[in-house]
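Working notes for the structure below.
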Amino acid sequence: MSKIIHVALAAYGMSGMVFHGPLIKANPNFKLDKIFERNKNLSRREHPEATIVHSFAEILSDRNIDLVVVNTPDTFHYEMCKQALEAGKNVIVEKPFTQSVSEAEELIDLAKKKGLILTVFQSRRLDGDFITIQKIIEKKSLGRLTEFESHFDRYRTYIAQNTWKETGNEKIGVLYNLGSHMIDQALVLFGMPFSVTSHLDILRDNGAVPDYYDIRLQYKKFAAILKCSYLVRNPGPRYSIHGTLGSFQKWGIDPQEEALKNHHTPDEINWGKEDKTQWGNIDTNINGIHICGKVETDPGNYNLYYDNLYNVLTKGEKLLVEPEQSRYGLIIMDACIKSNKDKRTIEIKF
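Pasting the structure below:
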């Protein structure tokens, strides 16, 4: 009989409700044993199999728990990850990894010392559109890359009440939220850039944290441009990629998050499959043949993250998201803040 990984969630907010709870429930290799809710019992309806606890200590002291998902507000990531590792638990932590590079380095060293797995939930690596553009870039279907631009725009004019995501410093805004995903994608595709130029802003009336960024990551002979705004009512392409042979553009967003919000699960038929109206457009030249038309989007699957983690824990396979990679993301985000503050380009040294 294969080993079952016993899991505890450190919180049951949006991340627990929409992502980790359903993904764990749909994966037969994992069992959700405990959920930490400080004052409520919201998880009982969807996860009657799990015990609700009202202190993190009850999770840490449970010898049956193999894996703790630290999906709490960002300011708690470092301390709760540290406590879980010290208690001998493997850890998944939501993005952003921590709020500082030094905190990330300490946790990485602690996990190695304890012989435990520490990984960051960079789920957007498993978006269908990102999987598709990886293939286009790896196959050099556009020739030598000259420019890469990605957007993660929303139209959200209001300031949400009673949420930690709307109060605090620049490390609470969209840079450390959606930017964590976009920077991670750029690092997966291209590695560390030579330099970073960034502009952050607060566009919404009465906003307290950044809700806009424009980041330029400079590489050899091309740039990766990452943009996000909460005031885009009619968004343009999600990705625009240009090369010496042609271009690729993709609109729309991966359907998995919306499906999870509507209580669908990854074990359903056609999970992550995108409607053909959302497929990207390519116009290029391959082996002397002009190619112009639609590119079918590969299906995404967030549960591949948990499949990989299971194989890491039971078979010693390579980790999909290594914590060192997310540490590089924190270096980039620090450079973004400095670039915006100093109004200059920041060289990256690592």
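Remember, this note's numbering sits 6 above the position in the sequence shown when you count from 1.
Every residue gets a Cβ at the ideal spot worked out from N, C-alpha and C, and that includes glycine.
All of these numbers come straight from a predicted model, not from anything done at the bench.
Cβ contact annotation for R210 (same chain, cutoff 7 angstroms, sequence separation greater than five): T163, I165, D217, Y236 and L237, in chain order.
Under a 10 Å Cβ-count criterion, C298 is classified as exposed, with fewer than 16 other Cβ atoms of the shown protein chains found around its own Cβ. By the 16-neighbour rule on beta-carbons within 10 angstroms, T173 is exposed. Segment contact: the segment 302–312 against the segment 128–145, three or more CB-CB distances shorter than 8 angstroms; contact assigned. The Cβ neighbour count for A14, taken over all protein chains shown within 10 Å, is at least 16; the residue is labelled buried. One alpha carbon belongs to V59, the other to K101, and they sit about 24 angstroms apart. In this chain, H248 is not harboured by any alpha helix (DSSP H); it is covered by the beta strand (DSSP E) spanning Y245 to G249. If you ignore the 5 residues before and after A117, its C-beta comes within less than 6 angstroms of the C-beta of L91 and L124, all in its own chain and listed in chain order. Three or more Cβ pairs closer than 8 angstroms define a contact, and the segment 172–188 falls short of that threshold against the segment 272–279. For I71, the secondary structure class from DSSP, reduced to helix, strand or coil, is coil. Counting the other Cβ atoms within 10 Å of the Cβ of P34 gives fewer than 16, which makes it exposed. Counting along the chain, the unbroken beta strand (DSSP E) around K256 starts and ends at S253 to K256.
Looking from the CA of V24, the closest CA among N346, E263, W285 and L319 belongs to E263. Our two residues, F196 and D304, have alpha carbons roughly 20 angstroms apart in a direct line. Listed in chain order, the alpha helix (DSSP H) elements of length 4 or more contained wholly in the segment 132–172 are 134–144. Straight-line spacing of the CA atoms in F82 and F200 works out to 31 angstroms. Contact holds between the segment 283–303 and the segment 144–151, because three or more Cβ pairs, one in each stretch, are under 8 angstroms apart.
In the structure shown, T271 falls within a coil segment according to DSSP collapsed to helix, strand and coil. Under the three-state reduction of DSSP output, S201 falls in the strand class. For Q128, the three-state secondary structure derived from DSSP is coil. The shortest CA-to-CA distance from G322 to any of G121, P261 and R239 is the one to G121.
For Q105, no alpha helix (DSSP H) run applies, since DSSP gives it neither H nor E.
Pairing L223 with D281, the inter-Cα distance amounts to about 31 angstroms. Partner residues in a beta bridge of G19, as assigned by DSSP, do not exist. When the five nearest sequence neighbours on each side are left out, no beta carbon in the same chain lies closer than 7 angstroms to the beta carbon of T169. Out of I343, Q331 and F158, the CA that lies nearest to the CA of I114 is found in Q331.
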